[in-house]
Amino acid sequence: MSSLSFLEKTYLNWSVLSVDGQIDSKTVGEFKEALDQKLLTSKCLAIDLTLVRFMSSAGLRALLVLHHQTSSQGLSLVFVGINEDIQDVMRVTGFHQHFTLVSSLDELQPAVQ
Amino acid sequence: MTNSLDFTVSDLISGYVTCYDSADRRIDLKTSDGRDYSLTLNDNSYAKLTQNLGESWQDRTGLLEERLKPGQMIFAYGTFFPEEEIKFEVNCITFPGDSTDSFLHRDKGWWVQQVDQIANRYLTWQFNWPNSDIDYRNYRTLVNITGMKDESDYLQETDTISRMVYGMASAYMLTGKDEYLEAAEKGTEYLREKMRFVDTDTGLIYWYHGLKVQNNNQEQKLLVSEFGDDYDCIPAYEQIYALAGPIQTYRLTGDPKILDDTERTIQLFDQHYKDPNNGGYYSHIHAVTLSPHEESLGRNKARKNWNSVGDHAPAYLINLWLATEDDRYKAMLEDTFDTIEKYFQDYDNSPFVQEKFYDSWEKDQSWGWQQNRAVVGHNLKIAWNLMRYYSIDPKQQYKKLAEKIADLMPKFGYDKQRFGWYDVVDRVVKAGQKFHRYAWHDRKAWWQQEQGILAYFILQGLFPENTDYAKYADESAAFYNSFFLDNSDGGVYFNVLANGMPYLLGTERFKGSHSMSAYHSTELCFLSTVYIDLMTNKRPLDLYFAPISGGFTDNILRVSPDILPKGSVKLTGCEIDGQTYSDYDSDLLLVNLPHSKSRLKVKVTLTPV
């Protein structure tokens with residue numbers, strides 16, 4: 173049975189949620205739940221997807237909804253380590269240009285709050 | 002304590018002249034429902050003819066003697082004076098035609114001119130056309146009453162673009178003007194490029210709610226609706242209306258990319274909105290899981306309504322069938338109308354249909370603003386769309402329901418004093434009440450007038466023996482043309498007061514908004530032209546198409562403008578790129594296009610039998 177694991181940490185003033193596993197229609201529920209929990213407590217949110225090898229459209233929709241939520245609440249959001257395959261999918265669906273992407277945590281600058 | 006009406010008040014009385022006494026300057030009038038009034042002209046009374054968009058003022062003050070003949074329909078705006086008798090003094094008379102047996106809205110070309118004017122205005126407002134190119138990056142959902150729009154921090158909603166594209170495609174079909182084709186095609190392409198989400202797992206397509214552009218020019222795609230009724234969901238009607246413009250454009254061009262997008266959107270409806278157990282389509286699905294059953298959908302969890310069940314037909318499905326005659330779409334139409342006929346009727350309890358439901362079709366009478374209320378226009382829209390489909394599938398239960406609605410609505414949703422259709426009303430009267438209460442106000446919305454006008458024109462076209470259909474078609478169309486057209490700034494008003502005065506506050510001041518684009522006003526022009534020319538007044542109609550090379554399957558262009566009774570219209574002439582062309586089927590209303598490496602411009606003439 174597929175499932176995701178999550179690791180929470182702080183880097184600079186970013187609240188980081190690292191995800192490990194495959195995000196698809198079976199796991200998107202727990203992914204969304206983890207994101208919603210994180211939104212309750214974080215003003216600067218970094219979602220580290222370095223260990224996510226595959227993301228289906230369900231995962232992309234979750235990212236899009238997250239982006240909408242953070243924008244409307246005035247929160248900072250950045251995605252870390254999205255692999256090339258997933259970035260290709262994002263390009264096909266047409267919303268890759270709307271997200272802030274960095275390749276690793278090292279590239280993060282302190283967030284402006 | 003009881004109230005008394007002992008103050009002066011201005012209002013509109015609409016009806017038919019029974020007598021004009023020029024010496025006493027008195028007009029006797031009978032209303033739509035047969036009540037008599039006596040009106041008095043004063044020294045400042047004036048009269049005018051209804052103006053179409055693009056026309057100048059046409060005064061009729063000096064022609065009252067000639068025009069105020071028995072049977073003449075007039076709109077009389079004036080003031081009630083409750084003195085010994087209740088007197089009514091006229092300020093202004095509006096004539097919807099220049100004789101007792103003619104209406105301007107039945108004149109050849111009336112609605113074509115109107116659609117041309119509306120389409121032209123929207124091109125100017127949105128793109129500064131013809132001084133600038135048609136470029137949808139400059140499109141804004143919000144357009145104010147004079148056509149102004151915000152230059153930054155704006156929203157481009159998918160549905161409003163699609164609705165405007167519908168208007169442009171319809172304007173092209175009626176006028177053949179190239180700018181409307183260009184606007185339809187560019188808008189369709191913009192929707193594909195910016196608003197389309199291709200689900201890489203399943204191949205399904207769904208459409209973003211829209212694109213938000215903030216002050217720093219940062220674009221944000223919105224998957225979930227920003228509209229209050231649908232917040233954080235993907236509502237069915239937004240997906241449905243995303244197809245309205247592209248499919249009307251497909252009828253012109255046959256562009257296979259549009260058909261592919263549409264089929265994959267229909268798969269979305271079938272796989273995620275359709276209820277496989279109880280039938281019908283859910284009104285909302287969750288943005289991430291695409292399920293209609295998520296708890297977080299709240300009041301929209303597992304609900305069905307008119308929009309999700311019925312709006313498929315007018316928004317895109319009938320037009321898709323007209324362009325393809327594919328039995329799959331006919332089956333979907335049949336299922337739609339069977340579902341409406343089976344579940345929406347509630348005549349033991351109300352003269353209005355029930356239009357909101359829980360999962361298993363139990364009535365939802367507690368949702369948001371709707372409660373146990375009726376949208377008058379939805380009733381009328383059911384009637385005219387049932388009758389369109391009736392022409393290819395003549396089930397008696399469709400006719401029976403449409404006729405029932407057409408019989409009930411003038412009694413319960415119509416303004417018998419002034420003409421025109423009300424907005425949202427209580428479905429039942431409470432103890433001690435005589436009138437169905439208005440939910441918020443007694444204003445009249447432009448899109449609901451469209452439903453009334455088309456319901457009765459279409460019913461008149463199919464069943465001319467019932468003279469009530471022509472009566473309500475003419476009264477409704479005369480009211481709309483006299484009071485909804487903005488002869489100063491162009492386009493049509495969102496709402497007018499019950500007495501016909503434009504209501505210009507809040508959202509209702511806009512010409513473009515979440516609710517209004519160039520759709521209902523142009524659909525009204527398009528279908529009124531079709532039914533008046535071909536079905537009621539019986540005269541030829543020219544239509545224009547622009548098929549691309551390699552477009553329509555088997556190179557067959559279907560030119561029937563609507564689902565008309567079989568054999569009622571023939572294709573009697575065709576030109577391609579200005580040259581007479583003869584390879585067409587007069588009875589089946591299709592043109593066998595020549596093979597061409599370039600786009601063709603096709604003009605056809607349809608003639609009533």
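Quick mapping for you: the protein sequence lines, in order, are chains A and B.
One point on numbering: in the working numbering, the residue at position 77 of the first sequence is 249, and numbering is uninterrupted.
One point on numbering: in the working numbering, the residue at position 231 of the second sequence is 232, and numbering is uninterrupted.
Beta carbons: idealized from backbone N, C-alpha and C, even for Gly.
Item to complete: Consider the Cβ of ALA230 (chain A): report whether some Cβ of chain C lies at a distance smaller than 9 Å.
Response: The structure shown has no chain C; the protein chains it does contain are A and B.
Worksheet item: Quick one: Cα of MET410 (chain B) to Cα of ARG304 (chain B), how far?
Response: Roughly 26 Å separates the two Cα atoms.
Practice prompt. Look at the alpha carbon of PRO236 (chain B) and the alpha carbon of TYR473 (chain B), and state the distance between them as a whole number of angstroms.
Written response: A direct Cα-Cα distance of roughly 34 Å separates PRO236 (chain B) from TYR473 (chain B).
Item to complete: With distances taken Cα to Cα, identify the nearest neighbour of ARG225 (chain A) among A:LYS198, A:GLY201 and A:VAL191.
Response: ARG225 (chain A) has its Cα closest to that of A:VAL191, out of A:LYS198, A:GLY201 and A:VAL191.
Worksheet item: In the segment 199-230 of chain A, which residues sit with their C-beta less than 8 Å from some C-beta in chain B, listed in chain order?
Response: Listed in sequence order: VAL200, GLY201, LYS204, SER228, SER229 and ALA230.
Fill in: Where TYR359 (chain B) falls: helix, strand or coil (DSSP)
In the structure shown, TYR359 (chain B) sits in coil (DSSP, three-state: anything other than H, G, I, E or B).
Worksheet item: At a Cβ threshold of 9 Å, is LEU184 (chain A) touching chain B?
Response: Taking Cβ atoms only, chain B never reaches closer than 9 Å to LEU184 (chain A), which makes this a no.
Practice prompt. Could you tell me whether the Cβ atoms of LEU189 (chain A) and LEU207 (chain A) are closer together than 9 Å?
Written response: Yes. Within cutoff.
Worksheet entry | Start and end residues, alpha helix (DSSP H) containing MET165 (chain B) | Secondary structure note for MET165 (chain B): its alpha helix (DSSP H) is the uninterrupted segment 159-176.
Practice prompt. Give the interface partners of THR159 (chain B) over in chain A, defined as CB-CB distance under 9 Å, in chain order.
Written response: For THR159 (chain B), there are no neighbours in chain A by C-beta distance under 9 Å, as the nearest C-beta there is about 12 Å away.
Worksheet item: Of all the beta strand (DSSP E) runs that stay within the bounds of the segment 41-83 of chain B, which reach a length of 3 or more residues?
Response: Complete beta strand (DSSP E) runs here, min 3: 74-83.
Worksheet item: Residues in its own chain within less than 7 Å of ARG26 (chain B) by CB, not counting five upstream and five downstream?
Response: Around ARG26 (chain B): THR41 and LEU42.
Discussion item. With the cut-off set at 9 Å, would you say TYR470 (chain B) and GLN449 (chain B) are in Cβ contact?
Written reply: The answer is no: Cβ separation not under 9 Å.
Discussion item. Give me the subset of the segment 220-246 of chain B whose CB atoms are less than 7 Å from a CB atom of chain A, sorted by chain position.
Written reply: Of all residues in the segment 220-246 of chain B, only GLU220, GLN221, LYS222, LEU223, LEU224 and VAL225 come within less than 7 Å of chain A when Cβ atoms are compared, listed by chain position.
Fill in: Endpoints, alpha helix (DSSP H) assigned at PRO247 (chain B)
Run containing PRO247 (chain B): 245-254, per the alpha helix (DSSP H) assignment.
Fill in: Buried versus exposed, by CB contacts within 10 Å (16 or more), ASP200 (chain B)
Classification for ASP200 (chain B): buried.
Discussion item. For a cutoff of 9 Å on Cβ pairs, would you count VAL237 (chain A) as touching chain B?
Written reply: Look at VAL237 (chain A): its C-beta is under 9 Å from a C-beta on chain B.
Worksheet item: Along the chain, where does the alpha helix (DSSP H) that runs through ILE577 (chain B) open and close?
Response: Looking at the DSSP string, ILE577 (chain B) is not in any alpha helix (DSSP H); the run it does join, the beta strand (DSSP E), is 570-577.
Fill in: Beta-carbon gap between TYR274 (chain B) and PRO293 (chain B) smaller than 9 Å
Judged by their CB atoms, TYR274 (chain B) and PRO293 (chain B) are nearer to each other than the 9 Å cut-off.
Worksheet item: Would you say VAL122 (chain A) faces chain B, with C-beta separation under 9 Å as the test?
Response: Here chain A covers residues 173 to 285 and nothing more, so residue 122 (chain A) does not appear.
Worksheet item: If we ignore side chains and look at the alpha-carbon of each, how far apart do ASP136 (chain B) and GLY188 (chain B) end up?
Response: When rounded, the distance between both Cα atoms is 8 Å.
Discussion item. Contact criterion: CB-CB distance below 9 Å. Does VAL289 (chain B) meet it with respect to chain A?
Written reply: Answer yes: the Cβ-Cβ gap between VAL289 (chain B) and chain A drops below 9 Å somewhere.
Worksheet item: By Cβ distance, which residues of its chain are closer than 7 Å to ASP34 (chain B), with the 5 residues on each side in sequence left out?
Response: Cβ contact annotation for ASP34 (chain B) (same chain, cutoff 7 Å, sequence separation greater than five): LYS417, in chain order.
Item to complete: Below 8 Å between beta carbons is the criterion; list the residues of the segment 239-258 of chain A that meet it against any residue of chain B, in chain order.
Response: Here the close residues are HIS239, HIS240 and SER243.
Worksheet item: Are the beta-carbon atoms of TRP307 (chain B) and VAL354 (chain B) separated by less than 9 Å?
Response: Taking a C-beta distance under 9 Å as the contact criterion, TRP307 (chain B) and VAL354 (chain B) qualify as a contact pair.
Worksheet item: Which partner residues of ARG27 (chain B) appear in the DSSP bridge assignment?
Response: Paired residues: B:ASP22 and B:THR41.
Worksheet entry | Coarse secondary structure for GLU239 (chain B), derived from DSSP in three states | DSSP places GLU239 (chain B) in helix when its eight states are reduced to three.
Worksheet entry | Where LEU286 (chain A) falls, given that 16 or more other Cβ within 10 Å makes a residue buried | Summary: the structure shown does not reach residue 286 (chain A), with chain A confined to residues 173 through 285, and so no result is reported for it.
Fill in: chain A within 9 Å of PHE270 (chain B), Cβ atoms only
Not closer than 9 Å to any Cβ of chain A, the Cβ of PHE270 (chain B) fails to qualify, so no.
Worksheet item: Does the beta-carbon distance from ALA77 (chain B) to SER23 (chain B) come in below 9 Å?
Response: No Cβ-Cβ contact shorter than 9 Å links ALA77 (chain B) with SER23 (chain B).
Discussion item. Does any residue of chain A have a CB that is nearer than 9 Å to the CB of ASP261 (chain B)?
Written reply: It does not: the Cβ of ASP261 (chain B) has no partner Cβ on chain A nearer than 9 Å.
Fill in: Bridge partner(s) assigned by DSSP for TRP208 (chain B)
Note: TRP208 (chain B) sits in a beta bridge opposite B:ARG197.
Worksheet item: What does ALA283 (chain A) touch in chain B if you count any residue whose Cβ is under 9 Å from its own?
Response: The premise fails here: ALA283 (chain A) is roughly 17 Å from chain B at the closest Cβ pair, so nothing lies under 9 Å.
Worksheet item: On the three-pair Cβ rule with 8 Å, is the segment 196-215 of chain B touching the segment 535-555 of chain B?
Response: As far as the Cβ criterion goes, the segment 196-215 of chain B does not touch the segment 535-555 of chain B, which means the pair count is below three.
Item to complete: Name, going along the chain, the residues of the segment 183-205 of chain B whose beta-carbon falls closer than 9 Å to a beta-carbon of chain A.
Response: Per Cβ criterion, the list reads GLU194, LYS195, MET196, ARG197, PHE198, VAL199, ASP200, THR201, ASP202, THR203 and LEU205.
Worksheet item: Taking C-alpha atoms, which residue in B:TYR585, B:ASP578 and B:TYR582 lies nearest to LEU601 (chain B)?
Response: Ranked by Cα distance from LEU601 (chain B), the first of B:TYR585, B:ASP578 and B:TYR582 is B:ASP578.
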